[in-house]
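To start, the structure under review is shown below, and the notes come after it.
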Amino acid sequence: MHGKIMVYMDSTGRGTVMNLAKTFFDFNRQIWHDKRSMPSVGMFVEFHSDGKRITGIRPSKFQDFKEGSFITEQDFWRSDNDDELEDLQSSRRSAYITQLYRSTDYDNIEEVPLNFSVAQAIQNYFSGEILSVEALKANLDNEKEIPCILDYLIIKRFLNKVFDTLIFMDNSIDQSQFAALKSIMMHLENSYNDMKDKQKVINISKIFNEIFLSLQCHYQALVSTIDTRKNRLNAVEHQVKTLRLELNLKKTNSADEAKIQAKQEKIEKLNEEVEYYKKSIEKLEALRENFYKKNYTVFENAFKISREKLFSKIVSGLNLCATMMDIKIWQLSLKSSGVKNSYFNRSNMENSFCTLSFAEHYLSRLNKSSLNPIDQKLYTYIQKITQEHRKNFLVVSNDLDLLCKIKIQIFTLNPYFIVKHAPKKVNYQSLMRDNSFDVVYIDEKTVWESAADIILEGKHFDKQGKTKFKLI
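For what it's worth, UniProt numbering labels the leading residue of the sequence shown as 1, then goes sequentially.
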């Protein structure tokens, strides 16, 4: 059955479809049967129902009904499925090709017109991937709070881990607020994998023939004309051959001169017809070959460029989705009492609650000199981000509640900041000796000696003189 999505909520994954009879059917994301696109309001769909509710739904292959196309929106509503609509489209296209074949003056034709452009053909070919990218644009949040864009393909496993940990630590968090992002990521990743796999076996010539050349009606009418004239040429040449055999036989048998003359005249006329068809076919073949070569070159270049751009957009979309999801997790963690009690209150926890922190924790348990290629790539990537965005802070205090409060305040500024803790003098000396801190917070109430002496000692270790000391 054909229909149109009238309502869809990304947060819940639920929507409503209307059919030709203006009957409304509800559906949810779980029964959406398309890996590369997402439901959206206004999308034309093909669906199955049990009479009351939808049991399966997917986007229709027909989304645009432009003037001059073989299928109208009215045809869409009157058909039950895309197969039926494709048959109707094919039938009308064949009838149009026949009309062109009969009405075109192929003796005077100079070029073969296009029915649709190379750009339109490529857009139709990548329609599913384009829908995935457009779904992301429609769901973009404010990007001002994003410190840097993450690489989804590198941090994917840790993004899933930090999300699962957040839900485990705080079951009061509404998971539906992540539903739209997760769904977009799923479809973008499916598009990414699909394009990546196809790259190994991509056949430009086959794609050109299937999605561009086979649908060019003027070109197909020309091909039909060439085939017809070749058949006629073969038939005339065979007729000439037969007449010559008969003529030789009549001459041998001393047949009536009038009949011999008539056959010779007929052979001459047929030879003229043969010459006409040969020249005509030669001209039309040149037209056909020129049309093919010219458009194939344009198509090949445009296809490669379009594919690269779209693939890049899909990768960028995945990266942006991963970053937005990570930022949302980070923001929720700062307000979550469950995360505060289970994560931030731990005195040895130096990182904020984000994907990068989980990746760093994973790498901290590995021998850096014997990392596998995947972990080495992760390690190099994290080093780059921390060098560009990280600041180091130190809290000198025995008050764990105060430590937790300062951690959250600092992590609110940036998810990639580090907060270390020095409860004793030996910890302070070791940390100051081995690290360079942007700010050192000193709790006067719980330190082992006067704040002035601690600052003085700290400045002794601060070779560059860039560390700031603040009393709390």
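Every residue, glycine too, gets a C-beta built ideally from N, C-alpha and C.
Work out the CA separation of V7 and residue 529 for me, nearest whole Å. Since the first residue of the chain shown is 1 and the last is 472, residue 529 is not available in this structure.
Over what stretch of residues does the beta strand (DSSP E) that includes V426 continue unbroken? Working through the sequence shown from its first residue, we reach residue 426 at position 426. First-last for V426: 425–434, but that is the alpha helix (DSSP H), not the beta strand (DSSP E).
Run the CB neighbour count on G458, radius 10 Å, all protein chains shown included, and call it buried at 16 or more, exposed below. On the sequence shown, position 458 is the one that residue 458 refers to. Of the other Cβ atoms in all chains shown, 16 or more fall within 10 Å of the Cβ of G458; this residue is therefore buried.
Where V440 falls, given that 16 or more other Cβ within 10 Å makes a residue buried: If you number the sequence shown from 1, residue 440 lands on position 440. Its Cβ being crowded by 16 or more others within 10 Å, V440 is buried.
Among the residues of its own chain, which have a CB less than 7 Å from the CB of S55, if the five just before and after it don't count? Counting from one through the sequence shown, the residue named residue 55 turns up at place 55. As written in the sequence, residue 55 is Thr, which differs from the Ser given in the question. Around T55: I31, H48, S49.
Going by alpha carbons, who is nearest to P147 out of Y416, E444, N427? Start at 1 with the first residue of the sequence shown, and residue 147 comes out as number 147. P147 has its Cα closest to that of Y416, out of Y416, E444, N427.
Starting from L394, follow its DSSP beta bridges and name the residues at the other end. Here residue 394 refers to the residue found at position 394 when the sequence shown is read from its first residue. Paired residue(s): K420, V440.
For M185, the three-state DSSP class (helix, strand or coil): Position 185 of the sequence shown, counting from 1, holds the residue named residue 185. In the structure shown, M185 sits in a helix (DSSP, three-state: H, G or I).
Short Cβ contact (9 Å threshold) for S397 with I327: Within the sequence shown, numbered from 1, the residue matching residue 397 stands at position 397. Within the sequence shown, numbered from 1, the residue matching residue 327 stands at position 327. The answer is no: Cβ separation not under 9 Å.
I314 versus A286 - alpha carbon distance: Here the question's residue 314 lines up with position 314 in the sequence shown. Here the question's residue 286 lines up with position 286 in the sequence shown. The alpha-carbon atoms of I314 and A286 are separated by roughly 41 Å.
Minimum length 4: unbroken alpha helix (DSSP H) runs contained in the region 81–137: You should have 82–103, 118–125.
Give me, in chain order, the residues of the same chain whose beta-carbon lies closer than 7 Å to that of K161; leave out the 5 immediate sequence neighbours on both sides. Sequence index remark: in the sequence shown, residue 161 carries index 161 (1-based). Result list for K161: F358, in chain order.
Cutoff 7 Å; reference F311; Cβ partners in own chain excluding five residues on either side: What you label residue 311 is simply residue 311 of the sequence shown in a count that begins at 1. Within the same chain, F311 has close Cβ partners M195.
Spatial distance of C217 from S205 (CA atoms): Numbered from its first residue, the sequence shown carries residue 217 at position 217. Numbered from its first residue, the sequence shown carries residue 205 at position 205. Looking at the two C-alpha atoms, the distance is approximately 19 Å.
With DSSP collapsed to three states, give me the class of G317. For the purposes of this step, residue 317 is taken as the residue at position 317 of the sequence shown. The answer is helix: DSSP assigns G317 an H, G or I state.
Return the CA-CA distance between K368 and K391, expressed in angstroms with no decimal places. The count along the sequence shown starts at 1 and reaches residue 368 at position 368. The count along the sequence shown starts at 1 and reaches residue 391 at position 391. Using only the alpha carbons, I get a separation of about 23 Å.
Distance check for C354 and M169, CA to CA, integer angstroms please. Residue numbering aside, residue 169 sits at position 169 when the sequence shown is read from its first letter. Residue numbering aside, residue 354 sits at position 354 when the sequence shown is read from its first letter. When rounded, the distance between both Cα atoms is 14 Å.
Status (buried if at least 16 other CB within 10 Å, exposed otherwise) for H33: Here residue 33 corresponds to residue number 33 of the sequence shown, with the count starting at 1. With fewer than 16 other Cβ atoms within 10 Å, it is exposed.
Identify the residues that DSSP records as bridge partners of H2: which are they? Reading the sequence shown from its first residue, position 2 is the one you call residue 2. Paired residue(s): E46.
Spell out the partners DSSP gives P159 in its beta bridges. Working through the sequence shown from its first residue, we reach residue 159 at position 159. With the sequence shown as reference, residue 159 is identified as Leu, and Pro is not the correct amino acid for it. L159 pairs with nothing; no bridge assigned.
Between V395 and I406, which are expected to be in contact by the criterion C-beta below 8 Å, what is the C-beta distance as a whole number of angstroms? In the sequence shown, the residue the question calls residue 395 occupies position 395. In the sequence shown, the residue the question calls residue 406 occupies position 406. With a Cβ gap of about 5 Å, V395 and I406 count as contacting.
Going by DSSP, what residue range makes up the beta strand (DSSP E) through R14? Numbered from 1 along the sequence shown, position 14 holds the residue referred to as residue 14. Segment 14–18, the beta strand (DSSP E) holding R14.
Alpha-carbon spacing of I382 relative to L318, whole angstroms: Locating residue 382 in the sequence shown gives position 382, counting from the first residue. Locating residue 318 in the sequence shown gives position 318, counting from the first residue. Rounded to the nearest angstrom, the two C-alpha atoms are 18 Å apart.
Starting from I385, trace the alpha helix (DSSP H) both ways and give me its first and last residue. Locating residue 385 in the sequence shown gives position 385, where the first residue counts as 1. Per DSSP, I385 belongs to the alpha helix (DSSP H) from 373–389.
T446 and L334 closer than 9 Å at C-beta: Counted from its first residue, the sequence shown places residue 446 at position 446. Counted from its first residue, the sequence shown places residue 334 at position 334. No, these two residues do not count as a Cβ contact at 9 Å.
At which residues does the alpha helix (DSSP H) containing D453 begin and terminate? The residue you call residue 453 lines up with position 453 of the sequence shown. 451–461 is the span of the alpha helix (DSSP H), which, as asked, contains D453.
Measure the alpha-carbon distance for L114 versus Y219 and round it to whole angstroms. Here residue 114 refers to the residue found at position 114 of the sequence shown. Here residue 219 refers to the residue found at position 219 of the sequence shown. If you take the alpha carbons of L114 and Y219, they lie about 8 Å apart.
Thinking C-alpha only, which one of F76, E134, E110, N124 is nearest V41? Stepping through the sequence shown from its first residue, residue 41 is reached at position 41. Cα-wise, what sits closest to V41 is E134.
Span separating the alpha-carbon of C321 from that of K156: In the sequence shown, counting from the first residue as 1, residue 321 sits at position 321. In the sequence shown, counting from the first residue as 1, residue 156 sits at position 156. Distance between the alpha carbons of C321 and K156: 11 Å.
Distance, Cα to Cα, S91 vs E110? Indexing the sequence shown from 1 puts residue 91 at position 91. Indexing the sequence shown from 1 puts residue 110 at position 110. Between S91 and E110, the alpha-carbon positions lie close to 28 Å from each other.
Which first and last residues belong to the beta strand (DSSP E) in which F25 is found? Counted from its first residue, the sequence shown places residue 25 at position 25. Taken as a continuous stretch (DSSP letters only), the beta strand (DSSP E) holding F25 covers 24–28.
Could you spell out where the beta strand (DSSP E) holding I54 opens and where it closes? Reading the sequence shown from its first residue, position 54 is the one you call residue 54. Here the beta strand (DSSP E) through I54 covers 54–59.
Please determine, among Y428, Q409, R14, S127, the residue with the shortest C-alpha to C-alpha distance to F62. As a working mapping, residue 62 is identified with position 62 in the sequence shown. Among Y428, Q409, R14, S127, the Cα nearest to that of F62 belongs to S127.
Since residue 475 and I410 should fall inside the 8 Å C-beta cutoff, what is the C-beta to C-beta distance between them, to a whole number of angstroms? The first residue shown for the chain is 1 and the last is 472, placing residue 475 beyond what the model contains.
Segments of 3+ residues assigned as beta strand (DSSP E) that fall wholly inside the region 278–319: none
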